[in-house]
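Shown next, in structure tokens, is the structure this report addresses.
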């Protein structure tokens, strides 16, 4: 051991030497053949801990700070601690804390401010005593200020006691001092790596490099850009991104070490202790410039000096107050910048170093500082060991976390009863939010140091793998212990307000635990955990939503599936018949699960993490009567029994009892496409039902009758629909063609939709523009038609939905977004105008800064106008605004807005009004744009076997008739395109209803005339006339010939 600095009280342990100050490192013979584990330095005393756990002290003993009454000039054994294996110490001005290997803390010395944490009123305690108030927790670190003390537990809890004159306890203003350890509750949930204390200020450092400070700040030693004291922990924001891994404190200054080996200092600089070549105080962290060329791995602070170790050269640097020789430079001069401590230093090497016989060389193991003294634990070249590196944590001083080592240790124990210490470790880890928040960190590239509101710092794959290793059927005893800890100690203690983003990680990782998705734990773990999410304040909930939105789809889906499963499980319980008290509890549980799903759905709508239909709970149709629920809700709306905007009030039956549920239906209840369809139909029937009770003198027709002439179908439809009352649009549609006697059983109505849409889309009207590349249409801003026809198309689309009819409209998805009041995006432009969309994407992706020169764009658009080109400005004075890197997103947004909104505003408005006249209302809000599109034009979820299964036969045909068997063999051999052509040939559309193939009924009947005739389609009735072909090849040839020559709807 080398020591230097103030020796006036014997604190260097050099024995009876004449000097009161030692100006350069001097060997202490006492430590020959002894291995030192830790050194604590008070103002006038020093404590040494050896690797065998014994404790030696020297220096001033006026206040009992040595823990013995022996000689003071040389280290003397503290016999009162002989029964303990001490692993760490820390010293205040005149008190000492010692930590044993069991996590127990012993204290002695000055006690006037309660800094020992011991009961009683004695001024000082001269023999070490155990702080029994900490016996219930396992402590891993202790730190002493001048008159206060800190402790960190294995469960990541921080305790403080002693003087609170400047707020150094972090407990607020209420206490002048605390004589027993108090937990700092405002820090709960944060995973801590280290605690540190200065004269009257305190710090904690998190596992991901965040620093919280509190206490005296007269010189800016908290680094908070001011000199105001802090009575509660306050985040030091400026160092958050610097990967700080170690922090130490002097009397009024602070030093921080980064993962890259850089050093920041701040606070009092009057003696040069900040190393910035000045004596100014610094209220913000500032990097020590003269150490920037070296990688520093150890830093320590004395009262008013700082030391740093650079392993590449093996040298120790010091700066600050030198009046007592504490800098080790051979003089008593102060140093304002780093200066080499005198000594024959050599760097560590795995090869045996050559040394001269005349000089002894030192390979530093670790440096220590405190008060006005410094120490260096060293090895000689012939038996050197690697120096300590403060950038990598001492595992014995760390909080519990779930990692590979922890799990392997647990799995070594056979099934059955776990040892007490192992059970305690499991319980401590899974009862502590801080421990779980410090687990599963993203260690690759030190990513977890980037933790923010946008990045969790968690390796979710590691969380999943480790949880699945831990929770296994063959280790049920471990699973039971984990579940009990989560249920009783962790989840009930989760709070609504969180101190930092690092305290939120468990909200991401816990759903990965298999125990959460076990239905036996739904009511004890998943539901309480969901309630904790719902209890979060707005700011932390927003952070969680951000993190959810950035999850990989399978991970996000896992959380969604968890709460869907919870809903199904609870609804199954509802059906078995329960006492009223249990029903009320289940109601609350369901409410919680639905609200969690609501938040997840809101996140998904913003970020499209997974397909929206993954929120469907298909099983719910078998567990509750959605039709009846909706009918009840509708009646209440109509009769004014409730007022609920955007909420669905549902009922789940319990035999004769009714459970009343309320949840935001608009966001959550995407049960299934079938559910949507039933509700849309129900709304029509309910409104029709209410119209039946109008006064008797009003003639009411239960149907909407549309009488049109074939040769004036558009004009007649406009005239009839113009006179139709809004309520009548909700009635079932019956179409009559003038002069025809056919009863509309569905076929006539289908024919009407086919004819009128073909007419309206005819180029002679010029209402829509056709885009060749995408084969889609959009409103044409060059049309001369008035808005009535656009209004009519909107009405027709609405009527088609209400009357189960597919309309073959080739609009892009943007139309359905607009109908649901959602903004079209660049993706919609890519769908309608692929070339233009690709160009816009290239503009956004262009990596260079010369966008103006490369693209030559401004905020205008060039459009064709009857053979001429016209320039339209996208924004006011757009011709004068060039597109550059900073505004390119604004340009793309304005371009999309022009195409889909501004250029067609009046035309679309008429269409929108017509559509909503029929389909407006709360039910429409339940749809996604793609669902609404499928309601209008059908979908392409083909199931050809289902089509065959649902087909009906007339006359002598039946399922096993030879011709029918030939037909289906031929059909199933057709390519997908040919099959779609057949659908178009037979039904007028190559798409199927939203409910799928089961709702598409085909009818096949025989015809006479022989095998020379082609099959004939009656499109309005989905009826196929199929001649009685006697061989498969003839049937195939005739069928393909028929569908190849189909040119659209025609009457037979």
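Residue numbers (the UniProt record's numbering): 1 to 1052.
All residues carry an ideal CB built from backbone N, CA and C; glycine is no exception.
Given the structure is predicted, the values throughout are model-derived calculations rather than measurements.
Worksheet item: Under a three-way DSSP split, which group does residue 647 fall into?
Response: Counting from 1 along the chain shown, the entry for residue 647 is found at position 647. Legend: pLDDT at residue 647 = 33, less than 50; position of this residue unreliable, value from coordinates given subsequently. It is coil, neither helix nor strand.
Discussion item. Give me, in chain order, the residues of the same chain whose beta-carbon lies closer than 6 Å to that of residue 816; leave out the 5 immediate sequence neighbours on both sides.
Written reply: Residue mapping note: residue 816 aligns to position 816 of the chain shown, counting from 1. 929, 932, 933.
Practice prompt. Assess, as a yes-or-no matter, whether the stretch 365-381 is touched by the stretch 424-432 under the definition of 3 or more beta carbon pairs within less than 8 Å.
Written response: no
Item to complete: Please determine if the stretch 161-171 and the stretch 477-497 are in contact, where contact requires at least 3 C-beta pairs separated by less than 8 Å.
Response: no
Worksheet entry | Length-filtered (4 minimum) alpha helix (DSSP H) runs lying within the stretch 824-848 | 826-832, 834-845
Fill in: Where residue 703 falls, given that 16 or more other Cβ within 10 Å makes a residue buried
Position 703 of the chain shown, counted from the first residue, corresponds to residue 703. Exposed, since its Cβ has fewer than 16 Cβ neighbours within 10 Å.
Worksheet item: Name the DSSP beta bridge partners of residue 366, please?
Response: One-based indexing of the chain shown puts residue 366 at position 366. In the DSSP output, where bridge partners are listed per residue, residue 366 has 377.
Worksheet entry | Span of the beta strand (DSSP E) around residue 183 | One-based indexing of the chain shown puts residue 183 at position 183. That run of the beta strand (DSSP E) goes 177-183.
Worksheet item: Rounded to a whole number of angstroms, what is the C-alpha to C-alpha distance between residue 137 and residue 16?
Response: Numbered from its first residue, the chain shown carries residue 137 at position 137. Numbered from its first residue, the chain shown carries residue 16 at position 16. Each residue's alpha carbon lies about 42 Å from the other.
Item to complete: Taking residue 90 as part of the beta strand (DSSP E), name the residues at either end of that continuous run.
Response: The sequence position of residue 90 within the chain shown is 90, counting from 1. Per DSSP, residue 90 belongs to the beta strand (DSSP E) from 86-91.
Fill in: Inter-residue spacing [alpha-carbon to alpha-carbon] between residue 801 and residue 750
Counting from one through the chain shown, the residue named residue 801 turns up at place 801. Counting from one through the chain shown, the residue named residue 750 turns up at place 750. Near 12 Å, if we compare the C-alpha coordinates of residue 750 and residue 801.
Practice prompt. Could you tell me which of 957, 349, 602, 1036 sits nearest to residue 384, measuring between CA atoms?
Written response: Within the chain shown, residue 384 is the residue found at index 384, counting from 1. The option with the nearest alpha carbon to residue 384 is 349.
Worksheet item: Would you say the stretch 1003-1018 touches the stretch 729-740, given that touching needs at least three Cβ pairs under 8 Å?
Response: no
Worksheet item: Considering only the beta carbon of each residue, do residue 833 and residue 765 sit closer than 9 Å?
Response: The sequence position of residue 833 within the chain shown is 833, counting from 1. The sequence position of residue 765 within the chain shown is 765, counting from 1. The answer is no: Cβ separation not under 9 Å.
Discussion item. Closest to residue 840 by C-alpha separation, out of 848, 796, 891, 935, would be which residue?
Written reply: For the purposes of this step, residue 840 is taken as the residue at position 840 of the chain shown. Ranking 848, 796, 891, 935 by Cα distance to residue 840 puts 891 first.
Practice prompt. Closer than 6 Å by C-beta to residue 242: which residues in its own chain qualify, once you throw out the five before and the five after it? Chain order, please.
Written response: As a position in the chain shown, residue 242 is number 242, starting the count at 1. Cβ neighbours of residue 242 beyond the five flanking positions: 258.
Discussion item. List, from N- to C-terminal side, the beta strand (DSSP E) runs of 3 residues or more that fit wholly inside the stretch 857-900.
Written reply: 860-865, 868-873
Practice prompt. Using the Cα positions of residue 414 and residue 120, report the straight-line distance between them to the nearest angstrom.
Written response: Position 414 of the chain shown, counted from the first residue, corresponds to residue 414. Position 120 of the chain shown, counted from the first residue, corresponds to residue 120. Roughly 47 Å between the two C-alpha positions.
Discussion item. Here's a check: name, in chain order, each residue in its chain whose Cβ is nearer than 6 Å to the Cβ of residue 697, leaving out the five neighbours to either side.
Written reply: Residue 697 sits at position 697 when you count from the first residue of the chain shown. Legend: pLDDT at residue 697 = 45, less than 50; position of this residue unreliable, no value from coordinates given.
Worksheet item: Between the Cα of residue 118 and the Cα atoms of 93, 392, 103, 148, which residue gives the shortest distance?
Response: Your numbering for residue 118 matches position 118 in the chain shown. Checking every option, the nearest Cα to that of residue 118 belongs to 148.
Discussion item. Output needed for residue 759: all residues of its chain with C-beta closer than 8 Å, excluding positions within five of it in sequence on either side, in chain order.
Written reply: Within the chain shown, residue 759 is the residue found at index 759, counting from 1. 713, 714.
Practice prompt. Express the C-alpha separation of residue 407 and residue 115 in angstroms, rounding to a whole number.
Written response: Within the chain shown, residue 115 is the residue found at index 115, counting from 1. Within the chain shown, residue 407 is the residue found at index 407, counting from 1. Cα to Cα, the separation comes out at about 38 Å.
Worksheet entry | Beta-carbon proximity of residue 794 to residue 912, cut-off 9 Å | Reading the chain shown from its first residue, position 794 is the one you call residue 794. Reading the chain shown from its first residue, position 912 is the one you call residue 912. Yes; because the gap between Cβ atoms is below 9 Å, this pair is in contact.
Practice prompt. Could you check how far apart the C-beta atoms of residue 95 and residue 65 are, in whole angstroms? I think they sit under 8 Å.
Written response: Within the chain shown, the letter at position 95 stands for residue 95. Within the chain shown, the letter at position 65 stands for residue 65. Confirmed, about 6 Å.
Worksheet item: Any idea what DSSP makes of residue 240, helix, strand or coil?
Response: In the chain shown, counting from the first residue as 1, residue 240 sits at position 240. DSSP places residue 240 in helix when its eight states are reduced to three.
Item to complete: Measure the Cβ-Cβ separation of residue 1054 and residue 26 and say whether it is below 9 Å.
Response: An answer regarding residue 1054 cannot be provided, because it is not within the stretch 1 to 1052 covered by the chain.
Worksheet item: Do residue 103 and residue 153 have their CB atoms nearer than 9 Å?
Response: Position 103 of the chain shown, counted from the first residue, corresponds to residue 103. Position 153 of the chain shown, counted from the first residue, corresponds to residue 153. Against a cut-off of 9 Å, the Cβ pair of residue 153 and residue 103 comes out as a contact.
Discussion item. Using the three-state DSSP reduction, which class does residue 68 fall into: helix, strand or coil?
Written reply: Position 68 of the chain shown holds residue 68. Coil.
Discussion item. Given this structure, state the Cα-to-Cα distance separating residue 159 from residue 273, to the nearest angstrom.
Written reply: Translated into positions along the chain shown, residue 159 becomes position 159. Translated into positions along the chain shown, residue 273 becomes position 273. Their Cα atoms are separated by approximately 29 Å.
Fill in: Backbone CA spacing between residue 1061 and residue 325 [nearest angstrom]
A question about residue 1061 goes unanswered here, because the residues of the chain that appear run from 1 up to 1052.
Worksheet entry | For residue 722, the nearest candidate out of 906, 788, 546, 475 (CA to CA) | Taking the chain shown and counting its residues from 1, the one referred to as residue 722 is at position 722. For residue 722, the nearest C-alpha among the options comes from 788.
Worksheet item: Using a Cβ-Cβ cut-off of 6 Å (strictly less than) and excluding sequence neighbours within five positions of residue 123, which residues of its own chain qualify?
Response: Here the question's residue 123 lines up with position 123 in the chain shown. The residues are 112.
Item to complete: Identify whether residue 673 lies in helix, strand or coil by the three-state DSSP scheme.
Response: One-based indexing of the chain shown puts residue 673 at position 673. Any reading at residue 673 must be qualified, since the residue scores a pLDDT of 35, below 50, and its modelled position is unreliable; the value itself is stated next. Residue 673 falls in the helix class under three-state DSSP.
Worksheet item: Near residue 249, what residues of its chain come up, given a Cβ to Cβ distance below 7 Å and the 5 sequence neighbours on each side ignored?
Response: Looking up residue 249 in the chain shown gives position 249. These residues qualify, in order along the chain: 196, 197, 198, 201, 203, 301.
Item to complete: Hey, could you find the ends of the beta strand (DSSP E) residue 301 is sitting in?
Response: The residue labelled residue 301 in the question sits at position 301 within the chain shown. Per DSSP, residue 301 belongs to the beta strand (DSSP E) from 298-301.
Practice prompt. Compare the beta carbon distance of residue 993 and residue 1000 with 9 Å and say whether it is the shorter of the two.
Written response: Counted from its first residue, the chain shown places residue 993 at position 993. Counted from its first residue, the chain shown places residue 1000 at position 1000. Yes; because the gap between Cβ atoms is below 9 Å, this pair is in contact.
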